[in-house]
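Trainee:
Residue numbers (this note's numbering): 1 to 67.
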């Protein structure tokens, strides 16, 4: 069990780095991602995916996640 913790931290760090790269690519403000996460109740990765699908459009992202 002790040996799994560092690997998990590395994985979580890599995932956060990939999400940041995705956010940078679509040009969405972090506040917009937080807003969608709060309003819809989804994870950051799901919010970012929805923003990517709708090219950064917040209304499209919300609609994607609520239907």
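Glycine included, every Cβ here is placed at the ideal spot set by N, Cα and C.
1) Nearest-angstrom Cα distance between residue 36 and residue 28?
2) Of the choices 59, 55, 30, 66, whose alpha-carbon is the least far from that of residue 44?
3) Out of 32, 40, 33, 34, which one is the CA nearest neighbour of residue 67?
4) When you compare the CB positions of residue 58 and residue 34, do they come within less than 7 Å of one another, or not?
Mentor: So, from the data block:
1) Answer to the nearest angstrom: the Cα atoms are 11 Å apart.
2) Comparing Cα-Cα distances from residue 44 to each of 59, 55, 30, 66, the minimum goes to 30.
3) Nearest of 32, 40, 33, 34 to residue 67, Cα basis: 40.
4) Contact flag unset, no.
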